[in-house]
Structures are given as C-alpha cells and as structure tokens.
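Colleague: Residue numbers (our numbering), protein chains in the order written: chain A, 1 to 112; chain B, 1001 to 1114.
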Amino acid sequence: EADIYQTPRYLVIGTGKKITLECSQTMGHDKMYWYQQDPGMELHLIHYSYGVNSTEKGDLSSESTVSRIRTEHFPLTLESARPSHTSQYLCASRGTGNTEAFFGQGTRLTVV
Amino acid sequence: KNQVEQSPQSLIILEGKNCTLQCNYTVSPFSNLRWYKQDTGRGPVSLTIMTFSENTKSNGRYTATLDADTKQSSLHITASQLSDSASYICVVSDRGSTLGRLYFGRGTQLTVWP
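#1: Should Ser87/A go down as buried or exposed, given a rule of 16 or more other Cβ atoms within 10 Å for buried?
#2: Quick one: list the residues of chain B neighbouring Leu90/A, beta-carbon separation under 8 Å, in chain order.
#3: Would you give the residue range spanned by the beta strand (DSSP E) that Ala101/A belongs to?
#4: Classify Arg82/A: buried if its beta carbon has 16 or more other beta carbons within 10 angstroms, exposed otherwise.
#5: Would you mind giving the Cβ-Cβ distance between Val1027/B and Asp1094/B, rounded to the nearest angstrom? I have them listed as a contact below 8 Å.
#6: Could you confirm whether any beta carbon from chain A is found closer than 8 Å to the beta carbon of Gly1060/B?
#7: Give me the residue from Tyr1036/B, Leu1047/B, His1076/B, Ile1049/B with the minimum Cα distance to Leu43/A.
#8: Give a yes or no on whether 8 Å exceeds the smallest Cβ distance from Phe103/A to chain B.
#9: Chain B beta carbons: is any one of them nearer than 8 Å to that of Leu43/A?
#10: With respect to the beta strand (DSSP E) encompassing Arg1034/B, which residues constitute its N-terminal and C-terminal limits?
#11: Kindly indicate which residue of Thr26/A, Tyr48/A, Lys31/A, Val12/A has the alpha-carbon position closest to the one of Asp129/A.
#12: Among Thr55/A, Phe74/A, His85/A, whose alpha-carbon lies nearest the alpha-carbon of Gly28/A?
#13: Among Gln1006/B, Leu1021/B, Leu1047/B, Thr1065/B, which residue has its Cα nearest to the Cα of Met41/A?
#14: Nearest chain B C-beta to Gly106/A closer than 8 Å, yes or no?
Here it is in structure tokens:
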C-alpha cells in the first residue's frame, strides 16, 4: 500500500473560488508530481518538484501553482477556479533514481 | 517525439478468458517500462516494471513482455476476473534527465463480463 494521500477526494466548487488540493507522502521521496487527467485520456504533467523549495511547470499549461516547503507535502492551488479546471488531479512521488512512481487516489474537481 | 501508444483502446472479455494488451513506444533513451492498473476514479497502481535487459516478468495472473529492439511491450492477463475491469496504462521512463520523465499511454479500458 502506497503511503501517499490526497485530499479531498471529491470537490465541487463555484467559479472564482480559491482552492488548494493537498498531497502528502510519508516515504521520504524527493520527487513529487501533479498530473491532470480527463476521462479516458492520458495523464498530463502540470507541475513537479525535485525536493524542498524546488518546483517546475510541466508539459501542460496550467493556471495552478504549487509549493514544496516540506519534503512530504506538495499542495496545488488554484487562485480562481473556472469550469475549464474541471478534471481529475493525481499526485505522485518517486524516490532516488528511476524507481516506481506511487500515486495518490486523486482529487475529482468539478467547477460549476 | 517521445510517445507511448496503446491498443486496443477498449476491450470486453468474458470472465475466465485471457487477453493481451499492447504498448508501443518511441521514448529514448529508454530506462524502464511499467504497467499500471487504474480503477475508475482512483490513482494508478503499479503491476510490473521492466528494464532494458528483461524480456518477461510475471505478477500473479499478469505477465508482461518487453522487446526493446522493436520498442514493444504486452501485458497478458490470464483467467480474467470481474475485478480486472479497469484501465491499464503503459508508462515509459527515460534516463535522459534527472527527473526521469514518465511518458503515459492513454490506457486500454478492460471490461470483464460475467
């Protein structure tokens, strides 16, 4: 069982609201990732981090921001949610080298 | 361009039957290939991981093969069960960057009917 957790699992929120999706892992992994996945589609990398105080944008342009103040915590924030942000957001982490990526359960976000 | 293509896009089989899912990739330089199972509304869970030198790896009823020369992999599921209904995602990692970039296929949606 992977020790990586995302909250909330489901979120329905109004347009213009600020939201933060939480991701925590207890495996001491340096590398953490945020992916966006629409139904039936592949995962798209939106943010990643090599370690504390390191964050980079991924392949898919995203209006979200991330922070990495602690190794175990990698929250994603949307300052002003829009219906186009409706999607599933998956957090993942990996240890040193090309080890297995562990995924959280995902957050299903719906912006109305 | 680094890509991962999976086929078929979807598959329906009867409980107890076998099936094979395909994955072709163009990722270079290649590091390893993983098959993940993703249940609806959940995060992917790793089934197998294969490196350049490995041809076959089994995990219970799941057997993965890798042909690094033709850049093809397959996932064979034996004696399917209803709980096998899920999306199966092929993920290829490169070794050309510190990040160890992961490239995802779109997945094969498998449905097992009783």
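Each residue gets a CB set at the ideal place from its N, CA and C atoms; glycine is no exception.
Modeller: Per the coordinate set shown:
#1: By one-based count along the first sequence, residue 87/A stands at place 87. So Ser87/A ends up on the buried side.
#2: Along the first sequence, one-based indexing puts residue 90/A at 90. Those within 8 Å of Leu90/A in chain B are Gly1043, Pro1044.
#3: On the first sequence, residue 101/A is found 101 positions in, with the first residue counted as 1. Where Ala101/A is concerned, there is no enclosing beta strand (DSSP E), given that its DSSP letter is neither H nor E.
#4: Start at 1 with the first residue of the first sequence, and residue 82/A comes out as number 82. Flag for Arg82/A reads exposed.
#5: Taking the first residue of the second sequence as 1, we reach residue 1027/B at position 27. Taking the first residue of the second sequence as 1, we reach residue 1094/B at position 94. Their Cβ separation, rounded to whole angstroms, is 5 Å, which keeps Val1027/B and Asp1094/B in contact under 8 Å.
#6: By 1-based counting over the second sequence, the position of residue 1060/B is 60. No, Gly1060/B does not count as interfacial toward chain A.
#7: Position 43 of the first sequence holds residue 43/A. Closest option to Leu43/A, Cα to Cα, is Tyr1036/B.
#8: Within the first sequence, numbered from 1, the residue matching residue 103/A stands at position 103. Chain B contact via Cβ: present.
#9: Sequence index remark: in the first sequence, residue 43/A carries index 43 (1-based). With 8 Å as the cut-off, Leu43/A counts as an interface residue toward chain B.
#10: Within the second sequence, residue 1034/B is the residue found at index 34, counting from 1. Element bounds for Arg1034/B: 1030-1038.
#11: What the structure shows of chain A is the stretch from 1 to 112, and residue 129/A is not part of that stretch, so it cannot be assessed.
#12: Your numbering for residue 28/A matches position 28 in the first sequence. Taking only the C-alpha atoms, the option nearest Gly28/A is Phe74/A.
#13: On the first sequence, residue 41/A is found 41 positions in, with the first residue counted as 1. The shortest C-alpha separation from Met41/A is found at Gln1006/B.
#14: As a position in the first sequence, residue 106/A is number 106, starting the count at 1. Taking Cβ atoms only, chain B reaches closer than 8 Å to Gly106/A, which makes this a yes.
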